[in-house]
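**Student:**
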Amino acid sequence: MSDITVSQLAAAVGVPVDRLLQQLAQAGLEKKSGDDAVTAEEKIELLSYLRRSHGKTEPAAKTAKTGKVTLKRKTTTELKQPASAGRSPSARAARTAKTVNVEVRRKRTYVKQPAAQTDKERLLQEAEAAKKALAEQEEQRRQAEEQERARRKAQEAMLQAEKEEKQRAEEARNRAEEEERKRVEAEKKQKEKDLEMARRAQEQRKSQQEARERKEKAQRRAEAGKPGRGRKELHVAAGKSGRRKPARKNRGRDAAQADMDHGFQKPTAPVVHEVKIPENISVGDLAQQMSVKAAEVIKELMKMGMMVTINQVLDQDTAALVVEEMGHKVIFQKKEDVEDKLLAEISEEPQGELLPRAPVVTIMGHVDHGKTSLLDYIRKSRVADGEAGGITQHIGAYRVETGHGTITFLDTPGHAAFSAMRARGAKATDIIILVVAADDGVMPQTKEAVQHAKAAGVPLIVAVNKIDKPEAQPDRVMQELVAEEVVPEDWGGDTQFVQVSAKTGQGVDELLDAILLQAEIHEFKAPVEGLAQGTIVESSLDKGRGPVATVLVQSGTLHKGDAVVAGVEYGRVRAMFDENGKPVKEAGPSTPVEVLGLSGTPQAGDSLVALKNEKKAREVAEKRKEQQRDSRLAEQKAAKLNEMFTRMGEGDVAYVNLIIKADVQGSVEALKESLQKIHTDEARVKIVAAGVGGINESDANLALTSGAAIIGFNVRADAAARKVIEESDIDLRYYSIIYEVIDDVKQAVAGLLSPEIREEIIGLAEVRDVFRSSKLGAIAGCMVVEGVVKRHSPIRVLRDNTVIYEGELESLRRHKDDVNEVKAGTECGIGVKNYNDVKPGDQIEVFSRTEVQRELE
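If you count by our numbering, then the sequence shown holds residues 15 to 871, one letter each, in order.
In structure tokens form, the structure reads like this:
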């Protein structure tokens, strides 16, 4: 058996090292520490001692023979079991404690190596074992170090990732803050730049105006001079300059340099381009067509008083002005080919032969001259009674079957606000009947109707109405119309005059004969077959039926189910009704009908065209809508610029914001035109929105955000809109007569006018002497010569009738008492606040200011 150390033997036996050293010492083997070697013989001696100490013996021969040493250890332990608890003390005493002996035996056998094994082999084995143990320890240490390195590396990576994430977040935050700061600075600089550019443009316009005025004055002075006294001017010959050129010193070098130069020659005259301008064009595109930089175009627009950007859209007129100012030729482009294609498509359709049609007659005249009453007699109905205030506020279209033939009548309003509606009536008509009251004569709307008729080139028939009245003067009407170049046939002219009475019916038959005579002379014809074309006379939004358009068919036949396009609206004719509300399936030339099925309410005056399919109608409507949007955008930008310059010149202007909703499109246009004319230098009317139909929740919310009042003309608000209006206290007003709308808006605009400040002198005091006070400063001893001097009224100090100070009184005394007022003929002491330069002979003027509310004229 090989030698081992005490520590190894203790580990193998399973006893502490100190215990094993003690046992070795008892066995007679002196070992000092755990590193001392123990031989095989010493192991046998120790084993023998331990066996003897436990009372056992074993022959040495047996041990030597078998080569095994067996160690046995027995341990006895006593366990005491306590007596169990009983129900009574006597029972517990009867039960005694029990003792149990527990014996534990251990056995370990050591095998002796065969004697044949040499020491060299043993050493090799021990070296190999030690080597393996060292290798295993080294491997464990290496794995532990690798695990530690991996753990540290993972921890460092995690810390680095957290650090980088924090750094990125900080950099992103810094970049965001820097970008926000730059954006704010850029916006501030841009605003300052815009204001500076506007100021410069205004100054430049002013300087240009002054230069033009100086030039005109110089020209006038030159023209006013006497001939012969002016001096002759010396002119330099063409090609010669006013300065003498220096002599060339090296002509040969210049010639050689000229040979080396390229062949490009600068144009001797400016290049003129032909610039095609559509309805709307951006500044960049316009500059590209003129082959100049966009900055030059922007500069030219600034000279014209417009501040624009490179991407801003200009309207056709503005672009044409810029092109002409820059010396190029303007070529106006027509609208997109969509309109041409539409007309070409209609013209390709077979229209059939031209057949006679009923004349379209428009009745015009001044308000309350009896237009509707005359038509009422012809139709045998009561139309005027249904109009608010007895005046017509819509264009009514009626087809009347008379004994003289079929006639289509258009009844237009006569009030001044409906000028645009009368103009549309003149464009869609064949004959105009001008109704003039015999007792009232020619009025402003009468003259306007004459102008519309002349502009449209439509024959005119004058109906002198109300001849049944005693104060009727038909001759005066004829004389007044002659002044407007409307000459009766009886006086050698070409205009028919018919005297009628809408009340009694006198002269109505003669009027119908005159209409049919004009129709026969002009031979009004139109094709009956083919796709229909017409004009939108009026449009409205019906809550139950949707958009409703009154259409006057002018050619072709409109059928139920036809695909139509009217302005920017399209659709399919879902239903048609005549003027009496009866459904019809088709409408020929000169027939007015109400059409249902459009996508929206078209503008009155738009042309309606029937197409082959609804897809084509939708394409045309969308193209028109896009063009309209671009045009409106350009107009809005121009209007904003003009408004900005206007505000810069006029200062702050107060606005009355209005939202207009009416029952028909014509009323909307009439209200907008009338209300926008109400303005002053300090207050104006601004139409935020206008449309056809009832007042809905969207209109109420728009009024809330824009601070506008809502005007409902023959329309009402729905439940949702009323709720918003009541909660937000929005100003909502209903009207049915246009006079009332105009009057109320005038009062609102007048309320925005700043009140007029009026001054009134209430007293005058003369300074007789000046006293000095340490507490109050200079005190003027005065005599009140006029009126009353009041303590709390503003004053002016006059010296030689010139105002030298304006302020207020600090003190007013009579003798030594403070008083509130001093009347004329009384002496007093006056202390002027913040002014100590009062001198004898000065006058102190006391006045009052009162505010007076102004009114519109």
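The beta-carbon is built from N, C-alpha and C at its ideal position, and this holds for glycine as well.
(1) If distances are taken between C-alpha atoms only, which option among Gly839, Val623, Arg165 and Leu566 comes closest to Lys592?
(2) If the criterion is Cβ atoms closer than 8 angstroms, does the pair Gln513 and Gly506 meet it?
(3) Along the beta strand (DSSP E) that carries Asn671, what are the first and last residues, could you check?
(4) Leaving aside the five residues before and after Pro292 along the sequence, list all residues of the same chain whose C-beta is less than 6 angstroms from its C-beta, in chain order.
(5) With 16 other CB atoms within 10 Å as the buried threshold, where does Glu583 fall?
(6) Who pairs with Ala451 in a beta bridge, going by DSSP?
(7) How far does the beta strand (DSSP E) with Ala589 in it extend, from its first residue to its last?
(8) Report the option in Glu117, Leu685 and Gln139 whose CA atom is closest to the CA atom of Gly705.
(9) Could you check whether the Cβ of Arg214 sits closer than 7 angstroms to any heavy atom belonging to the ligand SAH?
(10) Measure the C-alpha to C-alpha separation of Val738 and Asp757 and round it to an integer number of angstroms.
(11) Can you tell which of Thr376, Val729 and Glu820 has the C-alpha that lies nearest to the C-alpha of Leu555?
(12) What's the gap between the Cα of Gln151 and the Cα of Ala158?
(13) Checking 8 angstroms against the spacing of the C-beta atoms, do Glu762 and Val670 come in under that value?
(14) Judging by CA-CA distance, which residue of Arg632, Asp208 and Leu173 is the nearest neighbour of Met316?
(15) Taking DSSP's pairing of strands, which residues face Ser221 in a bridge?
(16) I need the boundaries of the beta strand (DSSP E) containing Pro808, first residue and last residue.
(17) Can you grab the Cα-Cα spacing for the pair Asp508 / Val472, in whole Å?
(18) With a threshold of 8 angstroms, are at least 3 pairs of Cβ atoms found where one atom belongs to the segment 826 to 844 and the other to the segment 790 to 810?
(19) Specify whether the segment 317 to 331 and the segment 290 to 307 touch according to this definition: at least 3 beta carbon pairs, one from each stretch, less than 8 angstroms apart.
(20) Taking 8 angstroms as the threshold, find out whether the segment 370 to 385 comes into contact with the segment 532 to 551 through three or more Cβ pairs.
(21) Please classify Lys259 as buried or exposed, where buried requires at least 16 other C-beta atoms within 10 Å of its C-beta.
(22) Can you pull the DSSP bridge partners for Pro541?
(23) Please say whether Leu610 and Asn479 have beta carbons closer to each other than 8 angstroms?
(24) Quick one: any contact between the segment 595 to 602 and the segment 620 to 627, if contact means 3 or more CB pairs under 8 angstroms?
(25) Tell me the rounded alpha-carbon separation between Gln641 and Ala631.
(26) Tell me whether the beta-carbon of Ile446 lies closer than 8 angstroms to the beta-carbon of Ile529.
(27) Does the distance from the C-beta atom of Ile392 to that of Asp425 stay below 8 angstroms?
(28) Near Asp859, what residues of its chain come up, given a Cβ to Cβ distance below 7 angstroms and the 5 sequence neighbours on each side ignored?
(29) If the criterion is Cβ atoms closer than 8 angstroms, does the pair Glu608 and Thr564 meet it?
(30) Examine chain C for any beta-carbon lying closer than 8 angstroms to the beta-carbon of Ala631, and answer yes or no.
(31) Along the chain, where does the alpha helix (DSSP H) containing Val27 start, and where does it finish?
(32) With Gly500 as the anchor, note down where its alpha helix (DSSP H) starts and where it stops.
(33) DSSP state of Ile291, grouped into three classes?
(34) Ends of the beta strand (DSSP E) at Gly298?
(35) Alpha carbon to alpha carbon, what distance is there between Gln216 and Gln302?
(36) For the candidate residues Ile751, Leu716, Met304 and Ser621, whose alpha-carbon lies nearest to that of Ile744?
**Tutor:** Reading it off the structure:
(1) It should be noted that the sequence gives Asp, not Lys, for residue 592. For the residues Gly839, Val623, Arg165 and Leu566, the minimum Cα distance to Asp592 belongs to Leu566.
(2) The answer is no: Cβ separation not under 8 angstroms.
(3) Ala668 to Ala676
(4) Gln347
(5) Its Cβ being crowded by 16 or more others within 10 Å, Glu583 is buried.
(6) Asn479
(7) Its beta strand (DSSP E) spans residues Glu583 to Phe591.
(8) Leu685
(9) Inclusion of the ligand SAH in the displayed structure is not the case, the ligand content being empty and no account of it being possible.
(10) 27 angstroms
(11) Val729
(12) Approximately 10 angstroms, taken between the alpha carbons.
(13) Here residue 762 is Ala; the residue named in the question, Glu, does not match the sequence. For Ala762 and Val670, yes; Cβs fall inside 8 angstroms.
(14) Asp208
(15) Ser221 pairs with nothing; no bridge assigned.
(16) Residues Pro808 to Arg813.
(17) 13 angstroms
(18) yes
(19) yes
(20) yes
(21) Model confidence at Lys259 stands at a pLDDT of 46, short of 50, so the residue's coordinates are unreliable and nothing is read from them.
(22) Answer is Leu368, bridged to Pro541.
(23) no
(24) no
(25) Computed Cα separation, rounded: 16 angstroms.
(26) no
(27) For Ile392 and Asp425, no; Cβs fall outside 8 angstroms.
(28) Note on residue identity: the sequence assigns Glu, not Asp, to residue 859. Correct list, in chain order: Ile775, Leu778, Ile809, Arg810 and Leu812.
(29) yes
(30) The chain labelled as chain C is not found in the depicted structure, where only one protein chain is given.
(31) Val20 to Val27
(32) Residue identity differs from the one stated: residue 500 is Val in this sequence, not Gly. No alpha helix (DSSP H) holds Val500; DSSP gives it neither H nor E.
(33) Residue state for Ile291 is assigned as strand, using DSSP reduced to three classes.
(34) Run containing Gly298: none in the beta strand (DSSP E); it sits in the alpha helix (DSSP H), Val297 to Gln303.
(35) 28 angstroms
(36) Closest option to Ile744, Cα to Cα, is Leu716.
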